[in-house]
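In UniProt numbering, the protein residues as written are 1 to 155.
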């Protein structure tokens, strides 16, 4: 049965490409945040360990929401490390930096995802896809707020 939600197939595919980048960035940031949760040390351990846990849980749920939106548009969502690696702008951390560098990298990661979200909002708006624009606007606000909270630790 053909999909008829009021958005042309080519427009749904265009929006899904932007959402795929958002999903890859979100998942990459999730992995980094979870790793930092496991490996953080230093005088900020208790507060950062708890904060990172809250953040990686939120990112995990966000990744599912974005992937399901891609499927709602009748496009398959990327779901492998190799696909995410090609799509994501969030840099991988293979080492274990100190807590300040962890926080700095997470600030940068949330800012990258915010940029990606803005591109997805523009694509969704151009396609008349209010559902995606609304969902991604919520994601954008969450990433901006989290970046602010993390950045505040470094002042």
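Each residue gets a CB set at the ideal place from its N, CA and C atoms; glycine is no exception. Keep in mind the model is a prediction, meaning the values are calculated, not measured.
- Query: To the nearest whole angstrom, what separates the beta carbons of residue 75 and residue 16, a pair I think is in contact under 8 angstroms?
  - Reply: As a position in the chain shown, residue 75 is number 75, starting the count at 1. As a position in the chain shown, residue 16 is number 16, starting the count at 1. With 8 angstroms as the limit, residue 75 and residue 16 qualify as a contact, their Cβ atoms being about 4 angstroms apart.
- Query: Going along the chain, which unbroken runs of the alpha helix (DSSP H) with 4 or more residues stay wholly within the UniProt domain "Ferritin/DPS" (17-154)?
  - Reply: 45-72, 81-87, 99-126 and 130-153
- Message: Using a Cβ distance threshold of 8 angstroms, determine whether the region 88-102 contacts the region 1-12, with at least three qualifying pairs required.
- Response: Contact between the region 88-102 and the region 1-12 is absent: fewer than three C-beta pairs spanning the two stretches fall below 8 angstroms.
- Query: Leaving out the 5 sequence neighbours to the left and right, which residues in its chain are closer than 8 angstroms to residue 22 when beta-carbon positions are compared?
  - Reply: On the chain shown, position 22 is the one that residue 22 refers to. So the list reads 66, 113, 116, 117, 120, 136 and 139, once near-sequence residues are dropped.
- Query: Can you name, in chain order, every residue of its own chain whose Cβ lies under 8 angstroms from the Cβ of residue 128, other than the five neighbours on each side?
  - Reply: For the purposes of this step, residue 128 is taken as the residue at position 128 of the chain shown. If we look at residue 128 and ignore the five residues flanking it on each side, its Cβ neighbours are 6, 7 and 11.
- Look at the Cβ atom of residue 77, then the Cβ atom of residue 27, and state whether they are nearer than 8 angstroms. Locating residue 77 in the chain shown gives position 77, counting from the first residue. Locating residue 27 in the chain shown gives position 27, counting from the first residue. It is not a contact, given that the beta carbons lie outside the stated cut-off.
- Task: Since I believe residue 29 is in contact with residue 90 (beta carbons under 8 angstroms), could you give me their beta-carbon distance rounded to a whole number of angstroms?
- Result: Stepping through the chain shown from its first residue, residue 90 is reached at position 90. Stepping through the chain shown from its first residue, residue 29 is reached at position 29. Sure, about 5 angstroms apart at Cβ, within 8 angstroms.
- Message: So the candidates are 38, 24 and 51; which of them puts its Cα closest to the Cα of residue 86?
- Response: Counting from one through the chain shown, the residue named residue 86 turns up at place 86. Among 38, 24 and 51, the Cα nearest to that of residue 86 belongs to 24.
- Message: I believe residue 31 touches residue 70 by the beta-carbon criterion, under 8 angstroms. Please report the beta-carbon distance rounded to the nearest angstrom.
- Response: If you number the chain shown from 1, residue 31 lands on position 31. If you number the chain shown from 1, residue 70 lands on position 70. In this structure residue 31 is not in contact with residue 70, their Cβ atoms being roughly 19 angstroms apart against a cut-off of 8 angstroms.
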